[in-house]
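Enquirer: Quick note on numbering: the sequence shown equals residues 1 to 429 in this note's numbering. Beta carbons: idealized from backbone N, C-alpha and C, even for Gly. Have a look at this one before I ask anything.
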Amino acid sequence: MSCSGCSSQTGGKPNGCKSNGGCSTGSCNRMNVYDWLTNLPISDAESACRVIEVSFNKGSRKEFFRNGTVHIFEKGDLITVEGVSGFDVGEVSMTGELVRLQLKKKAVEEHNPDMKKVLRKSGDRDIEILKQNKAREPQALTRARSIARQIRLEMKLCEVEFQADGRKATFYYTADGRVDFRELIKAYASEFRVKVEMKQIGARQEAAKVGGIGSCGRELCCSTWLTSFKSVTTIAARYQNLSINQTKLSGQCGRLKCCLNYELDTYLDALQGFPDNADMLETTKGNALLIKKDIFRNLMWYTLPESSKQYPLSIATVRSIKSMNAKGIRPDTLETEEVVGSKPKEVEPEFVDVVGQISLRSLDKNSKKKKHQRGRDQKDQRPPREQRDQKTSSPQQSKISKNNNPRNTPPQQGNPGRPNFRPDRNKGK
1 MSCSGCSSQT GGKPNGCKSN GGCSTGSCNR MNVYDWLTNL PISDAESACR
51 VIEVSFNKGS RKEFFRNGTV HIFEKGDLIT VEGVSGFDVG EVSMTGELVR
101 LQLKKKAVEE HNPDMKKVLR KSGDRDIEIL KQNKAREPQA LTRARSIARQ
151 IRLEMKLCEV EFQADGRKAT FYYTADGRVD FRELIKAYAS EFRVKVEMKQ
201 IGARQEAAKV GGIGSCGREL CCSTWLTSFK SVTTIAARYQ NLSINQTKLS
251 GQCGRLKCCL NYELDTYLDA LQGFPDNADM LETTKGNALL IKKDIFRNLM
301 WYTLPESSKQ YPLSIATVRS IKSMNAKGIR PDTLETEEVV GSKPKEVEPE
351 FVDVVGQISL RSLDKNSKKK KHQRGRDQKD QRPPREQRDQ KTSSPQQSKI
401 SKNNNPRNTP PQQGNPGRPN FRPDRNKGK
């Protein structure tokens with residue numbers, strides 16, 4: 001897996017390993033190839049393979065080049081190779097005898113005179129030009145999409161890849177049908193001032209270029225190590241007893257997940273131990289129909305007509321019933337196997353019948369007892385009366401408080417200071 005920091009860069013350097021130029025961790029195993037012949041000595045130097053494999057654009061594109069120089073390149077070196085009317089910069093991904101195996105696999109002739117050549121080892125100037133042109137790709141992709149939208153073409157642009165010298169640009173797109181992009185190429189050539197090449201890719205290749213995280217929690221296989229895409233059908237899901245749910249079985253590309261083929265051969269080998277033509281068993285109660293095959297337990301599940309019960313049978317039992325049916329004998333019952341569940345059974349609580357033992361009066365008595373007991377506990381927690389008397393104030397303070405109490409003051413009659421005072425009018429007559 002990659003270090004997840006190569007996708008984000010600061011100042012032209014990956015945030016993961018801070019490597020300038022080639023990745024110091026061997027491309028973080030992203031589209032990486034392990035050379036298991038690197039420690040073997042070369043018996044004949046003249047017969048050694050002079051062709052090397054070079055990867056471009058973080059391993060998404062790989063090509064073969066002939067090394068006509070005197071330099072010996074190793075894996076991870078940045079080299080400058082021939083391009084379309086210019087040069088390109090790539091990373092050495094494979095050397096030695098493994099290249100011959102790849103040439104044979106991809107049907108490429110080793111001594112082809114038209115094969116492009118390696119120019120030199122990349123210098124600082126070449127790497128600087130490469131970074132400048134790579135920085136143009138995001139803005140060019142946005143502009144290219146707007147131009148295609150103006151022309152009203154039924155296509156989706158996925159990625160734009162510039163050559164290291166900036167003289168050529170490759171536009172990758174997906175489309176359901178044929179697209180006439182002759183007018184589009186003219187618009188791109190006048191807009192970007194480069195030689196334009198259009199390449200149509202599939203939905204799986206698009207997901208590999210975009211990248212992402214799968215439902216398993218890891219990076220997509222197509223963006224890390226998977227290069228050859230094989231067809232995936234729903235038959236692979238049926239062999240593995242998976243429910244046909246398009247939402248769960250589909251990947252980021254909208255197609256069936258490539259990982260459905262990873263364990264398909266193992267399931268096919270395990271199914272060879274099951275009897276053939278055992279879809280139906282004849283019994284006295286009717287014909288038992290096969291529902292599913294449990295590969296991990298070596299069981300075959302059957303059901304009888306007009307019954308919802310399922311009968312797990314072992315492989316030996318199914319073969320014996322098939323031999324009996326061949327002789328015209330029908331068994332009365334199906335000898336089922338005991339199936340032990342993976343989860344322990346939950347113990348149900350025992351039910352106690354308390355009807356007539358509890359009444360409303362007994363509940364009221366219990367609540368009164370609890371309140372009485374709570375009051376006694378609070379009373380026991382109170383301090384003694386002597387301590388409470390000590391906490392009271394002194395006699396002088398008590399006298400002052402009594403005098404200040406408005407209840408202890410005698411009522412005043414005829415107080416002229418009161419607002420409701422009325423003089424006696426008859427006084428003085």
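1. Identify the residues that DSSP records as bridge partners of residue 54: which are they?
2. Just to confirm, is the Cβ distance from residue 172 to residue 191 under 9 Å?
3. For residue 258, which of helix, strand or coil comes out of DSSP?
4. Which term fits residue 317, buried or exposed, when burial requires 16 or more other beta carbons within 10 angstroms of its beta carbon?
5. From residue 308 to residue 252, what distance separates their C-alpha atoms?
6. Which residue wins for smallest C-alpha separation from residue 102, given the options 79, 70, 145, 53?
7. Skipping 5 residues on each side, what residues in its chain have a beta carbon closer than 6 Å to that of residue 197?
8. Assuming contact is defined by CB atoms lying nearer than 9 Å, are residue 92 and residue 76 in contact in what I supplied?
9. Any idea what DSSP makes of residue 149, helix, strand or coil?
10. Drop a sphere of 10 angstroms on the beta-carbon of residue 280, count the other beta-carbons inside from all chains shown, and report buried for 16 or more, exposed for fewer.
11. Quick check: what's the CA-CA separation for residue 26 versus residue 313?
12. Per DSSP, residue 310 is paired with what?
13. With residue 236 and residue 222 assumed to form a contact (beta carbons below 8 Å), what rounded beta-carbon distance in angstroms separates them?
14. My output table needs one value for residue 350: the three-state DSSP class, helix, strand or coil.
15. What do you reckon, are the CB atoms on residue 295 and residue 271 nearer than 9 Å?
16. Please classify residue 215: is it buried, with 16 or more other beta-carbons within 10 angstroms of its beta-carbon, or exposed?
17. Could you round the C-beta distance between residue 174 and residue 156 to whole angstroms and report it? I think they count as a contact, below 8 Å.
18. Can you tell which of 127, 150, 111 has its C-alpha closest to the C-alpha of residue 166?
19. Would you check if the distance between the CB atom of residue 220 and the CB atom of residue 240 is smaller than 9 Å?
20. In this structure, does DSSP put residue 119 in helix, strand or coil?
21. Rounding to the nearest angstrom, what Cα-Cα distance links residue 227 and residue 282 in this structure?
22. Does the segment 53-63 come close enough to the segment 80-97 to have 3 or more Cβ pairs within less than 8 Å?
23. Indicate whether residue 81 and residue 108 have their beta-carbon atoms separated by less than 9 Å.
24. In angstroms with no decimal places, state the Cα-to-Cα distance between residue 217 and residue 105.
25. Give a yes or no on whether the C-beta atoms belonging to residue 205 and residue 229 are separated by under 9 Å.
26. Which residues in the same chain have their Cβ closer than 8 Å to the Cβ of residue 136, if we skip the five residues on either side of it in sequence?
27. Which of the three DSSP states is assigned to residue 183 in this structure?
28. Expressed to the nearest angstrom, what Euclidean distance is found between the alpha-carbon atoms of residue 335 and residue 256?
Expert: Taking the geometry as given:
1. Under the DSSP definition of a beta bridge, residue 54 partners with 63, 92.
2. A distance of 9 Å or more separates the beta carbons of residue 172 and residue 191.
3. Three-state DSSP puts residue 258 in a helix.
4. Burial call: buried.
5. Going by the C-alpha atoms only, they are around 38 Å apart.
6. Looking from the CA of residue 102, the closest CA among 79, 70, 145, 53 belongs to 53.
7. Closer than 6 Å at the Cβ level, and outside the excluded window around residue 197, lie 170.
8. Here residue 92 is near residue 76, since their CB atoms are less than 9 Å apart.
9. It is helical.
10. In summary, residue 280 is exposed, with fewer than 16 beta-carbon neighbours lying within 10 Å of its beta-carbon over all protein chains present.
11. Summary for residue 26: the model assigns pLDDT 44, below 50, so the residue's position carries little reliability; its value from the coordinates is reported in the next sentence. Between the alpha carbons of residue 26 and residue 313 lies a gap of roughly 53 Å.
12. According to DSSP, residue 310 bridges with 303.
13. In fact, because the Cβ distance is near 17 Å, the residues do not count as touching under 8 Å.
14. Reduced to three states, the DSSP call for residue 350 is coil.
15. It is a contact, given that the beta carbons lie within the stated cut-off.
16. For residue 215, the number of other beta carbons within 10 angstroms of its own is below 16, and it is reported as exposed.
17. Right, their Cβ atoms sit about 5 Å apart.
18. Residue 166 has its Cα closest to that of 127, out of 127, 150, 111.
19. The beta carbons of residue 220 and residue 240 sit no closer together than 9 Å.
20. Assigned with DSSP and collapsed to three states, residue 119 falls in strand.
21. Between residue 227 and residue 282, the C-alpha separation is close to 49 Å.
22. Look at the beta carbons and you see the segment 53-63 touching the segment 80-97: at least three pairs across the two are nearer than 8 Å.
23. Result no, Cβ atoms of residue 81 and residue 108 do not sit closer than 9 Å.
24. Looking at the backbone, the Cα of residue 217 and that of residue 105 are separated by about 32 Å.
25. With contacts defined as CB atoms closer than 9 Å, residue 205 and residue 229 qualify as a contacting pair.
26. Excluding its 5 nearest sequence neighbours in each direction, residue 136 has C-beta neighbours in its own chain below 8 Å: 162, 166, listed in chain order.
27. Three-state DSSP puts residue 183 in a helix.
28. Taking the straight line joining both Cα atoms gives about 39 Å.
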